[in-house]
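Visitor:
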Amino acid sequence: MQTQDPYSLDDTKVLDPPDSFKGTIKHLGPGFILSASIVGSGELVATTQLGAGAGFVAMWVILVSCLVKVAVQLEFGKRAIMTGET
Numbered sequence: 026m027q028t029q030d031p032y033s034l035d036d037t038k039v040l041d042p043p044d045s046f047k048g049t050i051k052h053l054g055p056g057f058i059l060s061a062s063i064v065g066s067g068e069l070v071a072t073t074q075l076g077a078g079a080g081f082v083a084m085w086v087i088l089v090s091c092l093v094k095v096a097v098q099l100e101f102g103k104r105a106i107m108t109g110e111t
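Positions 26 to 111 (our numbering) are the ones given, in order, by the sequence shown.
#1: Measuring CB to CB, does residue 86 end up less than 8 angstroms from residue 69?
#2: From the DSSP output, in three-state form, read off residue 30 for me.
#3: For residue 72, collect the residues of the same chain with a Cβ closer than 7 angstroms to its Cβ; drop the 5 residues on either side in sequence, then sort them by chain order.
#4: Counting only the same chain and skipping the five closest in sequence on each side, list residues whose C-beta sits under 6 angstroms from that of residue 99.
#5: So residue 101 is in the alpha helix (DSSP H); what residue range does that whole segment cover?
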C-alpha cells in the first residue's frame, strides 16, 4: 500500500498572488500575528534592559538584531518547507 506524500503540491490548489494593496495586507495579517507571537519575553526583557543601560547609543544593536532575526527565520522557514523537516 502506497501513501500519498503530504508535502507534494497540487498546482490546482495554489492561489494566485494578490494584485491589490488590500489583498496584500489581507494575506500579511496572519504573518504579522505569528511574528508577534514569536517575540518572547526574553527578548522583551533583554531589549529594554539594553535600552535602559546604554540609551540610544546601542539602539543600532537592537535594529540590526531585528533584521538578522527576520533573515534567519526566513531561511529556517524555507528549509522546513523544502525538506519537510523541522
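Glycine residues also receive a C-beta, built at the ideal position from the N, C-alpha and C atoms. Fair warning: this is a prediction, and the values are worked out from it, not measured in the lab.
Guide: The relevant details are as follows:
#1: no
#2: coil
#3: 87
#4: none
#5: 84-108
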